[in-house]
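The next block holds one structure in the form of C-alpha cells; read it before the comments.
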C-alpha cells in the first residue's frame, strides 16, 4: 500500500540533483528533436490517424514498463476522470491541433510558441492555487506576450500577410494552452500519490482512444503510408518523443515541481529551431530573433518564482 506522496521539506529534497538534471536533459533532447518529424507526417496521412498509431504504439511501451517495474495502475473512478482529462489535453487534442498547425508554419516556430506554456501555467496557478502575481512574474508574462506578438505580427500585417501562417500560429497557441492544462492535471494527480508510470500509461491510452474516435467520426482509414521517411518519423515519435519524453517529463514534474520542470520549454526550442533552419529552410530576421529572445526571457522570469506544488516525489 502507498502512504501518499512524499513532499520535501525545506532543505531536504527527495530527488537527487543528478537524477533531476538527467531527467531535464532527456526531456529537452527528446522534445527538441521531436518537432521536425512532424513535417514528414502531416502531408502523408491525416493527423488523427498518425496520432492514433503514435499513441497506440507508445502506450504499449508504457504499459510494458508499468508491468516490468510493478508500478501501481489500479485507480479509483475519480482518478480516472483526471487521467482522461490529462490524456486528452496532453496526448490527444493538444497534439491534433499542433499537427494541423504544422501544415502552415515551420516546426521550429511552433516549438517557440509551445515554449510559452509557462505563461499559461502562471495563469493556471492564479486560478487553481489562488497565487498572487509578483512584479517579476508579471514582467515575465508581459515580455513573453510581447515576444509572441512580435513573432506573430509580420504574418498578419502589411504586404507580408500570410493567412495560412497566421492560422497555424493561432492553432499553436491554442494547443499550448491545452498542454498547460494537462500539466496541471499531471501535477495534481501526482500530488495524490498516483504512480508516475501508471498515470502516464493511462493518460496515453485515453489520448489514443480520443484519436480513434475522431478517426471513426471523420470516416478516415486507419491505414498509414509505408513511405520510409514517414515510418522513421513515426518511429522516432513513438519511442523518443512520446514514450521516453513523457515518462521523463512527468517524473521531472514530480521530482522538481511543475514550475521547474517547465524550464524544459525554454531550452528545447533552441534544438527545434536549429533543425528547422537546417531542414525546413526557416528564415531568420532581426524581428524573429527579438521575439524569440523576449519569449525566452519572459519564460525565465515567470519560472523563477517558487512552485506552489513544492516537490512531489514519484511513487514508482
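Numbering (my numbering), first residue to last: 42 to 357.
Virtual Cβ for every residue (Gly too), placed ideally from N, Cα, C.
Computed from a predicted model, the values in this text were never measured in an experiment.
Tell me which same chain residues have a C-beta within less than 7 Å of the C-beta of residue i, skipping the five on either side of it?
| i | result |
| --- | --- |
| residue 98 | 279 |
| residue 302 | 290, 293 and 294 |
| residue 244 | 124, 127, 128, 131 and 132 |
| residue 85 | 266, 268 and 271 |
| residue 100 | 242, 245, 246 and 249 |
| residue 284 | 99, 102 and 103 |
| residue 205 | 145 |
| residue 53 | Confidence is the limiting factor: at residue 53 the pLDDT is only 36, short of 50, which leaves the residue's position unreliable, though a coordinate-based value still follows. Hits under 7 Å: none found. |
| residue 141 | 88 and 212 |
Ordered along the chain, which non-local residues of its own chain (more than five positions away) have a Cβ less than 8 Å from that of residue i?
| i | result |
| --- | --- |
| residue 247 | 124, 125, 127, 128, 129, 132 and 133 |
| residue 357 | Low per-residue confidence applies at residue 357: pLDDT is 36, beneath 50, and the placement is therefore not dependable, though the value from the model is reported in the following sentence. Once the five neighbours on either side are set aside, the close Cβ partners of residue 357 are 110, 111, 112, 113, 236, 237, 238 and 239. |
| residue 331 | 188 and 191 |
| residue 288 | 103, 106, 237, 238 and 241 |
| residue 259 | 87 and 89 |
I'd like the list of long-range same chain contacts for residue i, defined as Cβ closer than 6 Å, with 5 residues on each side in sequence excluded.
| i | result |
| --- | --- |
| residue 261 | 87 and 90 |
| residue 215 | 138 |
| residue 297 | 61 |
| residue 42 | Note that residue 42 scores a pLDDT of 37, beneath 50, so its modelled location is shaky; the value from the coordinates is reported in the next line. Excluding positions up to five away in sequence, the list is empty. |
| residue 181 | 339, 342 and 343 |
| residue 323 | 147, 149 and 317 |
| residue 193 | 210 |
Measure the beta-carbon distance from residue i to residue j and round it to whole angstroms, keeping in mind my assumption that it falls under 8 Å.
| i | j | result |
| --- | --- | --- |
| residue 345 | residue 177 | 7 Å |
| residue 316 | residue 149 | 7 Å |
| residue 155 | residue 241 | Not confirmed; about 19 Å, so no contact. |
| residue 82 | residue 274 | 5 Å |
| residue 223 | residue 135 | 7 Å |
| residue 185 | residue 336 | 5 Å |
| residue 225 | residue 165 | 5 Å |
| residue 325 | residue 78 | About 22 Å; that fails the 8 Å criterion. |
| residue 213 | residue 146 | 7 Å |
| residue 151 | residue 252 | So it is not a contact: roughly 19 Å between Cβ atoms. |
| residue 158 | residue 221 | 5 Å |
| residue 73 | residue 312 | 3 Å |
| residue 286 | residue 153 | About 18 Å; that fails the 8 Å criterion. |
| residue 321 | residue 80 | 6 Å |
Quick check on residue i: does DSSP put it in helix, strand or coil?
| i | result |
| --- | --- |
| residue 84 | coil |
| residue 45 | For residue 45, the pLDDT reaches just 39, beneath the cut-off of 50, and the residue's location in the model is therefore unreliable, although a value from the coordinates is still provided. The answer is coil: DSSP assigns residue 45 none of H, G, I, E or B. |
| residue 54 | Any reading at residue 54 must be qualified, since the residue scores a pLDDT of 43, below 50, and its modelled position is unreliable; the value itself is stated next. Coil at residue 54, not helix or strand. |
| residue 350 | Only weak support exists for where residue 350 lies, its pLDDT of 40 falling under 50; the value from the coordinates is given anyway. Coil. |
| residue 357 | Residue confidence for residue 357 is low, a pLDDT of 36 falling below 50, so the modelled location carries little weight and cannot support an answer. |
| residue 116 | coil |
| residue 145 | coil |
| residue 136 | helix |
| residue 301 | helix |
| residue 188 | helix |
| residue 203 | coil |
| residue 89 | helix |
| residue 128 | helix |
| residue 159 | helix |
| residue 334 | helix |
| residue 76 | coil |
| residue 345 | coil |
| residue 151 | helix |
| residue 317 | helix |
| residue 194 | helix |
| residue 339 | helix |
| residue 109 | helix |
| residue 94 | helix |
| residue 326 | coil |
| residue 295 | helix |
| residue 378 | Any answer about residue 378 is impossible in this case: the structure gives the chain only from 42 up to 357. |
Less than 6 Å separating the Cβ of residue i from some heavy atom of the ligand MN?
| i | result |
| --- | --- |
| residue 125 | Ligands are entirely absent from the displayed structure, and the ligand MN is therefore not among its contents. |
- Query: Enumerated in chain order, which unbroken segments of the beta strand (DSSP E) with a length of 3 residues or greater are wholly contained in the region 207-268?
  - Reply: none
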